[in-house]
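Residue numbers (the numbering used here): 4 to 306.
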Amino acid sequence: MRLIRWLVPVLIWLAGCLVVGRAADGAEVMLPEKFQRLLPLHEPLGKPGPFDWLAHHPEPGQTFGQYVASRPVVPDRRRRTIYVQPLGEFTEAQQRIVELAGRYLRIYFDLPAEVRPAMPLKLIPASARRRHPEWGMEQVLTGYVLEKILWPRLPRDAGAYLAFTPTDLWPGEGWNFVFGQASLRQRVGVWSIYRFGDPDRDDETFRLCLKRTIKTAAHETAHMFSMLHCIQFRCAMNGSNHLAESDRRPLWLCPHCLAKLCWATKADPEKRFRDLAAFCTEQGFDEEAEFFRKSLAAIQGRR
Ligand SMILES: [Zn+2]
Ligand SMILES: [Zn+2]
Numbered sequence: 004m005r006l007i008r009w010l011v012p013v014l015i016w017l018a019g020c021l022v023v024g025r026a027a028d029g030a031e032v033m034l035p036e037k038f039q040r041l042l043p044l045h046e047p048l049g050k051p052g053p054f055d056w057l058a059h060h061p062e063p064g065q066t067f068g069q070y071v072a073s074r075p076v077v078p079d080r081r082r083r084t085i086y087v088q089p090l091g092e093f094t095e096a097q098q099r100i101v102e103l104a105g106r107y108l109r110i111y112f113d114l115p116a117e118v119r120p121a122m123p124l125k126l127i128p129a130s131a132r133r134r135h136p137e138w139g140m141e142q143v144l145t146g147y148v149l150e151k152i153l154w155p156r157l158p159r160d161a162g163a164y165l166a167f168t169p170t171d172l173w174p175g176e177g178w179n180f181v182f183g184q185a186s187l188r189q190r191v192g193v194w195s196i197y198r199f200g201d202p203d204r205d206d207e208t209f210r211l212c213l214k215r216t217i218k219t220a221a222h223e224t225a226h227m228f229s230m231l232h233c234i235q236f237r238c239a240m241n242g243s244n245h246l247a248e249s250d251r252r253p254l255w256l257c258p259h260c261l262a263k264l265c266w267a268t269k270a271d272p273e274k275r276f277r278d279l280a281a282f283c284t285e286q287g288f289d290e291e292a293e294f295f296r297k298s299l300a301a302i303q304g305r306r
């Protein structure tokens, strides 16, 4: 009798947890305990400056619970490969950066990632190109790349199909340029590395261009898996309005965004931290390598 008296409230509590877990707005779904162990390593995002993303695009953010409840688009058994598509003429250093971005995505999402053979810029007709009227550089129309180049060639097993081009991009009338554009429902996107610095100049500019490219590739792929911008912590999923703001954005994800990624892709966070630390050490990103090593220790409960 005493056992039943004890058991009944526990069962009611458990049922409550399950209902909360399926709450329509998801707000009550808790961040899993192992990801909570990472919280002390992360800084709040803080107030945006006058030109920063959140000053111009007030956004609600998205907790882990809200993400789970939003029925996100996630990679499944049929569509799980991330394809990187070079578009245009790459220098040897730019080509290396795109290859490294492919490797980074494989580690970051723990999904197959593949760099496809480059496609020539001549696929894009004169009507979808221009010279910038004041600055003079050649630019390619993003909408054409998305609709006419990528979408018809989307591989069947693609979780995401991301093109990178060394040419500058513009999205149409009234714009000077754009860093990139994506069609999330169609899982295609194009980004330019034109404004990421000259990786052929020296090791430092190579590293800077690489860091900017992998940051963009990971951020945009996460959007394709329905992850929204993060407004709570300094996080790879922070929105960014300009290059200085993207440069401030870290390579790492906050615990909520990491929990979303691991939930969506079934990635093992410990393996991921280990592999990211190795990648960052190899590329000379020492601060990031240290952060991923600390994160590994924290998630394992070693500190
Ligand atoms: Zn974004
Ligand atoms: Zn975040």
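Backbone N, C-alpha and C define an ideal beta-carbon position, used for all residues, glycine too.
Of the listed residues the options, nearest to residue i (C-alpha basis)
| i | options | result |
| --- | --- | --- |
| Phe183 | Pro272, Asp206 and Val143 | According to the sequence provided, residue 183 is Gly. The question's Phe does not apply to it. With distances taken between Cα atoms, Gly183 lies closest to Val143. |
| Ile110 | Pro63, Asp271 and Ser298 | Asp271 |
| Met230 | Gln65, Arg252 and Phe167 | Gln65 |
| Arg156 | Trp138, Met122 and Lys263 | Met122 |
| Arg204 | Pro89, Arg305, Asp278 and Gln97 | Gln97 |
| Met240 | Pro35, Met33, Pro43 and Leu48 | Leu48 |
| Pro253 | Gln88, Thr168, Gly304 and Glu290 | Glu290 |
| Arg119 | Leu153, Asp206, Gln286 and His222 | Leu153 |
| Ser164 | Glu117, Thr284 and Phe54 | First, the amino acid is wrong: residue 164 is Tyr here, not Ser. It is Glu117 whose Cα lies nearest to the Cα of Tyr164. |
| Phe309 | Gly200, Gln189, Ala131 and Glu95 | The chain is shown only over 4 to 306; residue 309 falls outside these bounds and no answer can be derived. |
| Asp278 | Val87, Lys50, Arg81 and Leu108 | Leu108 |
| Cys283 | Trp255, Asp250 and Leu246 | Trp255 |
| Phe54 | Lys269, Glu248 and Gln88 | Glu248 |
| Gly52 | Arg251, Glu285 and Ala300 | Arg251 |
| Arg81 | Thr145, Lys218 and Pro158 | Pro158 |
| Leu126 | Glu102, Lys151 and Glu285 | Lys151 |
| Asp160 | Leu264, Asp79, Lys269 and Gly304 | Asp79 |
| Val87 | Ser298, Gly304 and Thr224 | Thr224 |
| Pro174 | Asp206, Arg133 and Glu102 | Arg133 |
| Thr145 | Leu124, Gly304 and Lys50 | Leu124 |
| Trp178 | Glu137, Lys218 and Lys50 | Glu137 |
Nonlocal neighbours in the same chain, by C-beta distance under 8 Å from residue i, ignoring five residues either side
| i | result |
| --- | --- |
| Ile100 | Ile196, Pro202, Phe209, Cys212, Leu213 and Thr216 |
| Ile302 | Lys37, Phe38, Arg40, Leu41, Pro272, Glu273 and Phe276 |
| Asp171 | His135, Met140, Glu141, Gln142, Val143, Phe180, Ser195, Tyr197 and Arg198 |
| Glu176 | none |
| Gly200 | Thr208, Leu211, Cys212 and Arg215 |
| Pro169 | Gly91, Glu92, Phe93, Thr94, Gln97, Ser195, Ile196 and Tyr197 |
| Arg106 | Ala116 and Phe282 |
| Pro43 | Ala301 |
| Lys218 | Ala239, Ser249, Arg252 and Leu254 |
Beta carbon of residue i nearer than 7 Å to that of residue j
| i | j | result |
| --- | --- | --- |
| Ser162 | Ile85 | Here residue 162 is Gly; the residue named in the question, Ser, does not match the sequence. Yes; because the gap between Cβ atoms is below 7 Å, this pair is in contact. |
| Val77 | Ala267 | yes |
| His232 | Gly242 | yes |
| Phe93 | His259 | no |
| Ala104 | Ala262 | no |
| Ala166 | Leu90 | yes |
| Arg74 | Leu114 | no |
| Tyr147 | Ala129 | no |
| His45 | Phe236 | yes |
Those residues which DSSP pairs with residue i across a bridge
| i | result |
| --- | --- |
| Tyr147 | In DSSP, Tyr147 forms no bridge with anything. |
| Arg210 | Arg210 is not bridged to any residue. |
| Pro47 | Phe236 |
| Ile85 | Ala116 and Ala163 |
| Trp154 | According to DSSP, which records beta bridges pairwise, Trp154 is partnered with nothing at all. |
| Asp250 | Answer is none; Asp250 lacks a bridge partner. |
| Gly192 | Leu165 and Ala185 |
| Gln286 | Bridge partners of Gln286: none, in fact. |
| Glu141 | Arg134 |
| Trp173 | Leu144 |
| Met122 | Leu90 |
Chain-order list of residues whose beta-carbon lies under 6 Å from that of residue i (same chain, five-residue window excluded)
| i | result |
| --- | --- |
| Ala280 | Ala292, Phe295 and Arg296 |
| Ser186 | Leu149 |
| Gln286 | none |
| Phe112 | Thr268 |
Residues near residue i by beta carbon distance below 7 Å, same chain, minus five either side
| i | result |
| --- | --- |
| Gly59 | The sequence given here places His at residue 59; Gly does not occur at that position. Around His59: Asn244. |
| His222 | Ala239 and Met240 |
| Ile234 | Leu48, Leu57, Glu62 and Gly64 |
| Leu246 | Arg198 |
| Cys257 | His45, Cys233, Gln235, Phe236 and Cys238 |
| Pro35 | Ala262 |
| Gly304 | Arg40 |
Cutoff 7 Å: residue i Cβ touching any chain D Cβ
| i | result |
| --- | --- |
| Leu42 | Looking for chain D here will not work: only one protein chain is present. |
Residues proximal to ligand 2 by C-beta, any heavy atom closer than 6 Å: Cys233, Phe236, Cys238, Met240, Leu256, Cys257, His259 and Cys260
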